[in-house]
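Protein chains in written order, with full-length UniProt numbering: chain A, 1 to 154; chain B, 1 to 154; chain C, 1 to 154. Every residue, glycine too, gets a C-beta built ideally from N, C-alpha and C.
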Amino acid sequence: ATVAMTPNTAHCVPAFVSKLWTLVEAPSTNDLICWSQDGCSFLVQDEQRFSKEVLPLYFKHSNMTSFVRQLNMYGFHKVVHMDAGLPKADSQVNCVEFQHENFQRAQPHLLGLIRRKVKLISVIIMQYIIMLVQKQSTHTQLLTLRFSHAEMCV
Amino acid sequence: ATVAMTPNTAHCVPAFVSKLWTLVEAPSTNDLICWSQDGCSFLVQDEQRFSKEVLPLYFKHSNMTSFVRQLNMYGFHKVVHMDAGLPKADSQVNCVEFQHENFQRAQPHLLGLIRRKVKLISVIIMQYIIMLVQKQSTHTQLLTLRFSHAEMCV
Amino acid sequence: ATVAMTPNTAHCVPAFVSKLWTLVEAPSTNDLICWSQDGCSFLVQDEQRFSKEVLPLYFKHSNMTSFVRQLNMYGFHKVVHMDAGLPKADSQVNCVEFQHENFQRAQPHLLGLIRRKVKLISVIIMQYIIMLVQKQSTHTQLLTLRFSHAEMCV
DNA sequence: GCCGTTCTAGAATATTCGATT
DNA sequence: TAATCGAATATTCTAGAACGG
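(1) For residue 116/A, which residues in the same chain have their Cβ closer than 7 Å to its Cβ, ignoring the five residues on either side in sequence?
(2) What does residue 55/A pair with, by DSSP beta-bridge criteria?
(3) Determine the chain A residues that contact residue 48/C at a beta-carbon separation under 7 Å, and present them in chain order.
(4) How far does the beta strand (DSSP E) with residue 98/A in it extend, from its first residue to its last?
(5) So, helix, strand or coil for residue 19/C, using DSSP?
(6) Does the Cβ of residue 20/C have 16 or more other Cβ atoms within 10 Å, making it buried, or fewer, making it exposed?
(7) Do we get a CB-CB distance below 8 Å when we pair residue 85/A with the residues of chain C?
(8) For residue 18/B, go through chain A and note every residue whose CB falls closer than 8 Å to its CB, in chain order.
(9) Which residues in the same chain as residue 44/A place their Cβ atom closer than 6 Å to its Cβ, once the five residues preceding and following it in sequence are excluded?
(10) Does the beta-carbon of residue 25/C have 16 or more other beta-carbons within 10 angstroms, so that it is buried, or is it exposed?
(11) Give me the Cα-Cα distance between residue 23/C and residue 106/A, rounded to the nearest whole angstrom.
(12) Starting from residue 13/A, follow the beta strand (DSSP E) in both directions and report where the run begins and ends.
(13) Find the residues of chain A that neighbour residue 61/C, judging by a C-beta separation of less than 7 Å, and give them in chain order.
(14) So residue 67/C is in the alpha helix (DSSP H); what residue range does that whole segment cover?
(15) Which residues bound the beta strand (DSSP E) around residue 41/A?
(16) Report the three-state DSSP secondary structure of residue 77/A (helix, strand or coil).
(17) Just list the residues that DSSP pairs residue 33/C with in beta bridges.
(18) Where does residue 65/B land, buried or exposed, given buried means 16+ other C-beta within 10 angstroms?
(19) Mind listing the chain C neighbours of residue 65/A? Cutoff is C-beta to C-beta under 7 Å, in chain order.
(20) Any idea if residue 110/A is buried or exposed, counting beta-carbon neighbours within 10 angstroms, 16 or more meaning buried?
(21) Can you give me the Cβ contacts of residue 47/A inside the same chain, cut-off strictly under 8 Å, excluding the 5 residues immediately before and after it?
(22) Would residue 40/C pass as a contact of residue 112/C if the rule is Cβ separation under 8 Å?
(23) Note down, in chain order, each residue of its chain lying with its Cβ closer than 8 Å to the Cβ of residue 114/B, except the 5 sequence neighbours on either side.
(24) How long is the line joining the alpha carbons of residue 36/A and residue 42/A, rounded to whole angstroms?
(25) Hey, residue 62/B and residue 52/B: beta-carbon distance below 8 Å or not?
(26) Tell me the DSSP secondary structure of residue 120/A in three-state form.
(27) May I ask you to list, following chain order, the residues of the stretch 19 to 31 of chain B that have a beta carbon less than 7 Å from some beta carbon of chain A?
(28) Taking all protein chains shown into account, do 16 or more other C-beta atoms lie within 10 angstroms of the C-beta of residue 54/C, making it buried, or fewer, making it exposed?
(29) I want to see whether chain A comes within less than 8 Å of residue 15/B, judged by CB atoms only; does it?
(30) Using the three-state DSSP reduction, which class does residue 87/A fall into: helix, strand or coil?
(31) Count the other CB atoms within 10 Å of the CB of residue 71/A; is the residue buried (16 or more) or exposed (fewer)?
(32) Count the other CB atoms within 10 Å of the CB of residue 154/C; is the residue buried (16 or more) or exposed (fewer)?
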């Protein structure tokens, strides 16, 4: 099953999300990427084979890190397992799980709610402050300038 | 019994606490770590075997001191026994007991209340700044208000 | 060849850097990690095998991403190849290269100059604020006190 | 101009070591 | 002395930044 990728003004599904859905649904690659049992997350069974064999079929790269960067950019979160990082038994080797509240099996109508992240205003402000800081030669100058009593009292 | 460990949500159980609960509950290691009789604390019966055999199954180390550091970081306290410091009878050798008001047998719903100690004040300040930010409608307004106009124009 | 890891007052080599040097020098793993031809950088030939077979021998993990995070933390930079991102010929598959001006073949005396990155000035300022905060009893006091000229001039 | 890819950094927890009480 | 904590590095997950399409 695939999902429309064309921009439908209001509720279009981003290209990445659409590809991801197709990827998880595809029976041919279910041994490498598939839904979790309850359908609320998806699993990558063998990170190494997945990145080299499956990713280039959908994206312009074969790096797990780029795939994860996109997942985070769209608000997905890694599901942490109890045995994370421990020397693994063969049965449990290399299982990665990601989740997003609007990415669920049999719920394609939710996909349009998944949005790419943009910068927060707070981040923009902090960056502005840091830029100012870097232009100052001494700490005292900077600190005197920045936080004055009157400004901080709401 | 296991406890959900998903990060980044509001009321999730920290990974360490989740692992600890699993560890104490696990029947297979009840001879080394188990609940106390009243279920209000847990006991480590043989520190040496526990650290070498059980810890590496859940953590990236096999040191009792690292385990204790984490316990203290999450607000657990050692329960001091009356015979502490005395030459120990064989029956009492190597018994360590730790306690936390929200870590009790058959009360997993309390685990979410166990919090890692952090420098909370920094968070409070950041939230305060963010709150200030969110009260402003435009960037220019905000910047003018917070930090004097002259300073922000680089 | 190994490098002393003991803190020698002034110019001790950080544990990570020492391990990295040992790792690159070790003849037994030269097929997976070795010096570049000119000795000014090092190469990881097969990222997948390297991460699973070599990393756990030196670190508490087997993730390339954790290794790269440390490299960046110590000021190493990835050397970008011209064929990055292209469909790779078999001979060139999976070759990763990193470089640091003080990490060179036959120059172990430079290793002490490699330093872990520390927090940015903005963070230091925040911590200073926190220290001030902890001296105050109430929020109102704190906010007024915090950002006044006199307090911030160290 | 937004999205995708890559390299690097931020932020929180984890581990170690030594100081404090 | 024993229990707790501070601080530095280590590991993990997520985000910033630069660049190109």
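With the structure as the only source:
(1) Only 14, 73, 74 meet the Cβ criterion.
(2) Paired residues: none, contrary to the question.
(3) Correct list: 48.
(4) That run of the beta strand (DSSP E) goes 96 to 99.
(5) Of the three classes helix, strand and coil, the one that applies to residue 19/C here is helix, per DSSP.
(6) Taking a 10 Å sphere around the C-beta of residue 20/C, we find 16 or more other C-beta atoms and assign the residue as buried.
(7) Cβ-Cβ to chain C under 8 Å: yes for residue 85/A.
(8) Within chain A, the residues near residue 18/B are 82.
(9) Taken in chain order, the residues that qualify are 33, 50, 96.
(10) Buried: at least 16 other Cβ atoms inside 10 Å.
(11) The alpha-carbon atoms of residue 23/C and residue 106/A are separated by roughly 48 Å.
(12) Residue 13/A -> no beta strand (DSSP E), and no H or E assigned at all.
(13) Around residue 61/C, the beta-carbon contacts reaching into chain A at under 7 Å are 85.
(14) That run of the alpha helix (DSSP H) goes 64 to 73.
(15) 41 to 44 is the extent of the beta strand (DSSP E) around residue 41/A.
(16) DSSP places residue 77/A in strand when its eight states are reduced to three.
(17) For residue 33/C, which the question treats as bridged, DSSP gives the partners 44/C.
(18) Exposed, since its Cβ has fewer than 16 Cβ neighbours within 10 Å.
(19) Within 7 Å Cβ-Cβ: 65.
(20) Exposed, by the Cβ-count rule.
(21) So the list reads 64, 94, 96, once near-sequence residues are dropped.
(22) When the beta-carbon positions are compared, residue 40/C and residue 112/C stay at least 8 Å from each other.
(23) The beta carbon of residue 114/B is closer than 8 Å to those of 13, 14, 17, 74, 75, 100, 102, 103 in its chain, skipping five residues each way along the sequence.
(24) So the alpha carbons of these two residues sit roughly 5 Å apart.
(25) The answer is yes: Cβ separation under 8 Å.
(26) Because the pLDDT at residue 120/A is just 49, under 50, the model does not fix this residue reliably, and the value given afterwards should be weighed accordingly. Coil.
(27) From the stretch 19 to 31 of chain B, only 19, 22 have a Cβ closer than 7 Å to chain A.
(28) Residue 54/C comes out buried.
(29) Among the residues facing chain A, residue 15/B is included, as its CB has a counterpart in that chain under 8 Å away.
(30) If DSSP states are grouped into helix, strand and coil, residue 87/A belongs with coil.
(31) By the 16-neighbour rule on beta-carbons within 10 angstroms, residue 71/A is buried.
(32) Note that residue 154/C scores 21 on pLDDT, short of 50, meaning its location in the model is unreliable and no value can be drawn from it.
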